[in-house]
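One line per chain: the protein sequences are A and B, in this order.
The opening residue of the first sequence carries number 5 in my numbering; numbering runs sequentially from there.
The opening residue of the second sequence carries number 18 in my numbering; numbering runs sequentially from there.
Where is the CB? At the ideal position from N, CA and C, for every residue including glycine.
Bear in mind the structure is a predicted one, so any value in this text is a computation, not a measurement.
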Amino acid sequence: MIRMENVVKRYNELIALDHFSFAAKEGEIIGLLGPNGCGKTTAINCMLSLLTFDKGEIEIFGQQVHPNNNAVKSRIGIVPQELAIFDKLNVYENIDFYCGLYVTDRKKRKALVEEAIEFVDLGKYRKFVPKKLSGGLKRRLNIACGIAHKPALLFMDEPTVAVDAQSRNFILEGIRKMKAQGTTIIYTTHYLEEAEQLCDRMVIMDSGRNIASGTVHELQNTISTQERIEVGFITEDQTIEAQLEELPHVVKVTKRNGNYLIHFEKQENNLPDLIKFMESRGMSYTELSSERSTLSDIFLELTGKELRD
Amino acid sequence: MTVFKSILLHFWKYKYLMLIFLTAFFIFAFGFSQNSGGQAYESEALDLKVIDQSRSEISRGFIDYLSSDNTVEVVDDSTDFGALEEEIFLGISDGIIRIPSNLEERLADAAPAVEVISDQRGMAHLQIENVVNRYFIFLDAEQSTSSEVDIEQMNALLADGVPVELHESVDVASQNNFSYMSTFISFAGYWIMLFLLIIVGNVMSEFNTTELRQRIDVSPMPTRTLMVQMISAQTVIGLFVVCFMLYGGIMLRAGHLEGIPLVKMFVALVLITSFTLSIHYVIGALTTNKFIINGLANFLAIGMAFMSGIMVPLEIMGETAQNIAHYLPLYHFTQIYAEPDISWTDSSFPILIVVLYTAAFLIIGMILENKKKIAS
Ligand SMILES: Nc1ncnc2c1ncn2[C@@H]1O[C@H](COP(=O)(O)OP(=O)(O)O)[C@@H](O)[C@H]1O
Ligand SMILES: [Mg+2]
Numbered sequence: 005m006i007r008m009e010n011v012v013k014r015y016n017e018l019i020a021l022d023h024f025s026f027a028a029k030e031g032e033i034i035g036l037l038g039p040n041g042c043g044k045t046t047a048i049n050c051m052l053s054l055l056t057f058d059k060g061e062i063e064i065f066g067q068q069v070h071p072n073n074n075a076v077k078s079r080i081g082i083v084p085q086e087l088a089i090f091d092k093l094n095v096y097e098n099i100d101f102y103c104g105l106y107v108t109d110r111k112k113r114k115a116l117v118e119e120a121i122e123f124v125d126l127g128k129y130r131k132f133v134p135k136k137l138s139g140g141l142k143r144r145l146n147i148a149c150g151i152a153h154k155p156a157l158l159f160m161d162e163p164t165v166a167v168d169a170q171s172r173n174f175i176l177e178g179i180r181k182m183k184a185q186g187t188t189i190i191y192t193t194h195y196l197e198e199a200e201q202l203c204d205r206m207v208i209m210d211s212g213r214n215i216a217s218g219t220v221h222e223l224q225n226t227i228s229t230q231e232r233i234e235v236g237f238i239t240e241d242q243t244i245e246a247q248l249e250e251l252p253h254v255v256k257v258t259k260r261n262g263n264y265l266i267h268f269e270k271q272e273n274n275l276p277d278l279i280k281f282m283e284s285r286g287m288s289y290t291e292l293s294s295e296r297s298t299l300s301d302i303f304l305e306l307t308g309k310e311l312r313d
Numbered sequence: 018m019t020v021f022k023s024i025l026l027h028f029w030k031y032k033y034l035m036l037i038f039l040t041a042f043f044i045f046a047f048g049f050s051q052n053s054g055g056q057a058y059e060s061e062a063l064d065l066k067v068i069d070q071s072r073s074e075i076s077r078g079f080i081d082y083l084s085s086d087n088t089v090e091v092v093d094d095s096t097d098f099g100a101l102e103e104e105i106f107l108g109i110s111d112g113i114i115r116i117p118s119n120l121e122e123r124l125a126d127a128a129p130a131v132e133v134i135s136d137q138r139g140m141a142h143l144q145i146e147n148v149v150n151r152y153f154i155f156l157d158a159e160q161s162t163s164s165e166v167d168i169e170q171m172n173a174l175l176a177d178g179v180p181v182e183l184h185e186s187v188d189v190a191s192q193n194n195f196s197y198m199s200t201f202i203s204f205a206g207y208w209i210m211l212f213l214l215i216i217v218g219n220v221m222s223e224f225n226t227t228e229l230r231q232r233i234d235v236s237p238m239p240t241r242t243l244m245v246q247m248i249s250a251q252t253v254i255g256l257f258v259v260c261f262m263l264y265g266g267i268m269l270r271a272g273h274l275e276g277i278p279l280v281k282m283f284v285a286l287v288l289i290t291s292f293t294l295s296i297h298y299v300i301g302a303l304t305t306n307k308f309i310i311n312g313l314a315n316f317l318a319i320g321m322a323f324m325s326g327i328m329v330p331l332e333i334m335g336e337t338a339q340n341i342a343h344y345l346p347l348y349h350f351t352q353i354y355a356e357p358d359i360s361w362t363d364s365s366f367p368i369l370i371v372v373l374y375t376a377a378f379l380i381i382g383m384i385l386e387n388k389k390k391i392a393s
C-alpha cells in the first residue's frame with residue numbers, strides 16, 4: 005500500500021531523512037518509532053507530498069505521490085501532530101469543514117460527521133469551540149477531523165502527546181476499532197508501550213534512518229541481550245556478583261534496587277540453569293523474576309541512546 | 018461545509034466587531050451631515066488673504082469688490098505661504114487668493130484668472146469660488162461688449178446686485194450635495210480599507226496558519242477551487258460593506274442626490290475594496306500574526322488616507338505631500354468622482370490606476386506565496 009524507498013530529505017545542512025525506506029501493507033497498523041527530531045513527521049509529510057524530497061521514491065496505492073494527485077489524496081486521512089482546527093468554529097463545524105474537503109454530498113457528509121462525533125465521543129461538546137475543550141478533547145477533535153471521511157489510509161502523527169490517561173486509552177481503543185474496519189494506519193509515537201500495544205509492525209527510526217523494523221517479537225530476536233533475570237539474595241555478599249558472572253551465557257551483571265540484574269544472551273535454558281547454579285552454590289534467594297527485553301532495551305541496544313518518554 | 022461557507026461563517030463570528038465598525042462609521046457620517054449646513058446655505062463674510070502680484074487696475078478693482086462683503090487682508094508677496102495655509106487648516110482664515118502678475122494675459126487667454134486655495138471640504142470653498150467666478154464672468158462679459166472697462170463702474174453695478182448667470186458647476190445646491198457626498202464616499206473608502214484589512218485580515222489569518230493550510234493541502238481539493246472560494250467569500254463581504262455604506266449614504270441624503278455621480282462612486286468603492294483585498298493578500302502571504310496584521314492595517318489605511326487628501330485637504334499640504342499623493346491609490350480613488358459631472362472618460366484614468374495597483378499587489382502576493390511553497 006505504501007512503498008518508500010531510499011528517500012533523502014535535507015533541510016539545508018540537516019539531513020532529516022537519510023535513505024529512509026519502509027513499506028506498509030493493507031490493514032496494518034505500522035508504528036514509526038523514535039525520539040523527537042528523528043524525522044517521523046518529515047517522513048509523513050514527504051508521503052503526503054507536503055514536502056519535496058531530494059532523492060528516492062514514494063508510492064501510495066501503487067501511484068507516485070504528487071501534490072496534484074487528487075485521486076490518491078481523497079483516500080488518505082491525516083491527524084497531524086500540531087492541532088489543525090479552527091478556533092472560531094465549534095466541534096461540529098470543524099469536522100464538517102474537513103469532511104467537506106473530501107465529501108461534497110451534504111446528506112452523506114452530515115451522516116459521516118455524526119459518526120465521527122460519536123466515534124470520538126464528543127457528542128456532548130458539539131457546540132463547543134476549541135477554546136472551551138481540554139487538551140485531550142481537542143486531540144480527539146483533531147482526530148475526528150482526520151477520520152470523518154473514512155479514509156482507507158490514515159496517518160496519525162503523535163496523536164496522544166499531551167493527552168490525559170483516559171483520553172489516551174480512548175484514542176488507542178478507537179484506533180483498534182478503525183483497524184478492525186480495515187483501515188491501514190501509519191502511527192508515529194515516541195511512547196514505546198503505546199507502539200508495543202498497538203502496532204502490528206514497527207519501524208524504529210533514528211536520525212532519519214530506518215534502523216530496525218518488524219514485529220515486537222522479531223525485534224526482540226534481533227538483539228543479543230534478550231533476557232534479564234532479577235534476583236534478590238538474603239545475605240549481602242561481596243562475591244555474589246563475581247560468582248554470577250561465572251555462569252555461562254551471562255553478558256553482565258548490574259545492580260538494581262538492591263537486587264542483581266543478570267543480562268543473558270538469548271538462549272532457551274537461562275532460568276533453569278540459574279536456579280541449578282544457585283542451588284549448587286548454596287545461595288538462597290528471596291525473589292526471582294525474569295523479564296523479556298522491552299522496546300526500550302532494543303532501542304538502547306540499537307542506538308546506544310535511551311529513549312525517554 | 019464548503020470553504021466558501023466556512024469563511025462566511027468566520028465573518029459571522031465577527032458580527033459584533035463588524036456592527037461596531039459600521040455604526041461608528043455612520044455616527045461620523047451623520048456628524049458630517051450636520052456640519053455641512055444642510056440644504057440652505059447662507060453666505061457669510063469670509064476671511065480672505067489676498068496676494069496681489071498683478072497690482073493692476075483689474076486686481077485693485079477685484080480686491081475692492083471682495084472687500085465689500087468680506088474681510089480682506091492684502092498680504093505681502095514675501096509672506097510665508099506655508100503659514101497662510103496653516104491658517105486655513107486651523108480655521109483662522111477661509112482662503113487665500115493669489116492674483117498672478119500676468120492677470121491680464123490670463124483673462125485674454127480665458128485661463129483661470131486667479132488661484133484660490135481653501136479647504137475643499139468646507140462650504141466656504143464653494144462661496145469663494147462662487148464670488149470669484151461672478152466677478153470674472155462679469156468682467157469677461159463687460160470686456161467682450163466694450164473694449165474699455167470701467168472697473169469702478171463695474172464694481173458699483175456688482176454691488177447693486179446685478180444678476181449674473183453662473184456656470185452650472187457652481188450651482189450651490191447641487192455643489193453642496195456633491196460636496197457632502199464626495200466627502201462621505203472618501204471617508205467610506207478610508208473606512209472600508211481599515212475595516213476590511215482588520216476583519217478580513219483576522220479571518221484569513223486563521224486560514225493561512227501553516228497547520229491549517231497543510232491540512233487543507235493534503236485534501237483532494239484543487240488549489241484553484243480553494244482560491245476561487247476564498248476570493249468569492251471575500252468579495253461577498255466586500256460588496257456587502259460597499260452596498261451597505263453607499264446605501265446608508267443615499268438614505269442620509271435622500272432628496273439631495275441631484276448632481277451626484279453615484280455610479281462612479283459605487284465603482285470607486287468597489288475598486289478600493291478590491292485594492293484593499295489585494296493588499297491583504299500580500300500581508301497574508303507575509304504573516305499570520307494577527308498583531309502585525311492589525312498594526313499594518315492601521316498604518317496603511319490611516320497613512321494613505323492622510324496622504325491622499327481624505328483626512329486633510331491636499332491643497333494645504335506641502336508640495337512634497339501632494340506629489341506623494343499622486344502615487345497613492347487612495348488619491349486616485351477620490352479622483353474617480355472628483356467632479357459632480359465628471360465623464361467616464363475623465364474617470365477612466367484614475368480607475369485604470371487603481372486597477373493597476375490592485376493587479377500589482379496581486380502579482381506581488383502570488384510571488385510571495387510561491388516563494389513560501391518552494392521554501393518547503
Ligand atoms: N522546516 C524545517 N526546517 C529545518 N529543519 C527542520 C524543519 N522541520 C524539521 N526539521 C528538523 O528535521 C528533523 C526531523 O524533524 P521531525 O520530522 O519533525 O522529527 P519528529 O517528527 O520525529 O520529531 C529535526 O532535527 C528537526 O529539527
Ligand atoms: Mg513529529
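CB contact flag (residue i, residue j, <8 Å)
| i | j | result |
| --- | --- | --- |
| LYS318 (chain A) | HIS27 (chain B) | Residue 318 (chain A) cannot be examined here, being either before or after the span of chain A that is shown, 5 to 313. |
| VAL133 (chain B) | ILE114 (chain B) | yes |
| TYR31 (chain B) | ILE145 (chain B) | no |
| MET238 (chain B) | LEU105 (chain A) | yes |
| ASP168 (chain A) | GLY127 (chain A) | no |
| ASP111 (chain B) | SER135 (chain B) | yes |
| THR307 (chain A) | ILE179 (chain A) | no |
| VAL69 (chain A) | ILE147 (chain A) | no |
| PHE299 (chain B) | PHE195 (chain B) | In the sequence on display, residue 299 (chain B) carries Val and not Phe. Contact flag unset, no. |
Bridge partners - residue i, DSSP secondary structure assignment
| i | result |
| --- | --- |
| TYR264 (chain A) | A:VAL235 and A:LYS259 |
| LYS13 (chain A) | A:LEU21 |
| THR193 (chain A) | A:LEU37 |
| TYR289 (chain A) | A:PHE237 |
| LYS59 (chain A) | A:VAL12 |
| VAL67 (chain B) | B:VAL91 and B:ILE114 |
Chain B within 8 Å of residue i, Cβ atoms only
| i | result |
| --- | --- |
| ILE189 (chain A) | no |
| LYS77 (chain A) | yes |
| ASP91 (chain A) | yes |
| ASN16 (chain A) | no |
| PHE101 (chain A) | yes |
| ASN40 (chain A) | no |
| ALA28 (chain A) | no |
| GLY104 (chain A) | yes |
Residue-level contact to chain A via CB, residue i, 8 Å cutoff
| i | result |
| --- | --- |
| ARG241 (chain B) | no |
| GLU104 (chain B) | no |
| SER53 (chain B) | Summary for SER53 (chain B): the model assigns pLDDT 49, below 50, so the residue's position carries little reliability; its value from the coordinates is reported in the next sentence. No, SER53 (chain B) does not count as interfacial toward chain A. |
| LEU34 (chain B) | no |
| ILE37 (chain B) | no |
| LYS307 (chain B) | no |
| HIS297 (chain B) | no |
| SER236 (chain B) | yes |
Residue burial classification, residue i (beta-carbon count within 10 angstroms, cutoff 16)
| i | result |
| --- | --- |
| GLY48 (chain B) | exposed |
| ASN193 (chain B) | buried |
| HIS184 (chain B) | Only weak support is given to the placement of HIS184 (chain B): the predicted model assigns it a pLDDT of 44, under 50, and the question is left unresolved by the model. |
| THR96 (chain B) | exposed |
| SER293 (chain A) | exposed |
| ARG205 (chain A) | buried |
| GLY312 (chain B) | exposed |
| THR40 (chain B) | exposed |
| PHE366 (chain B) | exposed |
| TYR152 (chain B) | buried |
Problem set entry | Three CB pairs or more closer than 8 Å across the stretch 257 to 270 of chain B and the stretch 106 to 118 of chain A | Result no; under three Cβ-Cβ pairs closer than 8 Å.
Exercise. Does the stretch 154 to 164 of chain A touch the stretch 122 to 129 of chain A, meaning 3 or more C-beta pairs lie closer than 8 Å?
Worked result: Contact between the stretch 122 to 129 of chain A and the stretch 154 to 164 of chain A is absent, because fewer than three Cβ pairs lie under 8 Å.
For this session: Report yes or no: do the stretch 252 to 261 of chain B and the stretch 284 to 294 of chain B share at least 3 C-beta pairs separated by less than 8 Å?
Result: Output reads yes: the stretch 284 to 294 of chain B touches the stretch 252 to 261 of chain B.
Exercise. Does the pairing of the stretch 203 to 210 of chain B with the stretch 315 to 329 of chain B give three or more beta-carbon distances under 8 Å?
Worked result: Yes: at least three Cβ pairs fall under 8 Å.
Exercise. Three or more C-beta pairs closer than 8 Å, one from the stretch 222 to 235 of chain B and one from the stretch 52 to 71 of chain A: is that the case here?
Worked result: By the Cβ rule, the stretch 222 to 235 of chain B counts as touching the stretch 52 to 71 of chain A, because three or more pairs are nearer than 8 Å.
Exercise. For the stretch 117 to 133 of chain B against the stretch 66 to 86 of chain B, are there 3 or more C-beta pairs whose distance is under 8 Å?
Worked result: With the cut-off at 8 Å, the stretch 117 to 133 of chain B and the stretch 66 to 86 of chain B touch.
Exercise. Looking at C-beta atoms only, is the number of pairs between the stretch 259 to 270 of chain A and the stretch 230 to 237 of chain A that lie closer than 8 Å three or more?
Worked result: Yes, the stretch 259 to 270 of chain A touches the stretch 230 to 237 of chain A.
Exercise. Would you call the stretch 80 to 88 of chain B and the stretch 101 to 109 of chain B touching, i.e. three or more CB-CB distances under 8 Å?
Worked result: Taking 8 Å as the limit for Cβ pairs, the verdict is that the stretch 101 to 109 of chain B does not touch the stretch 80 to 88 of chain B.
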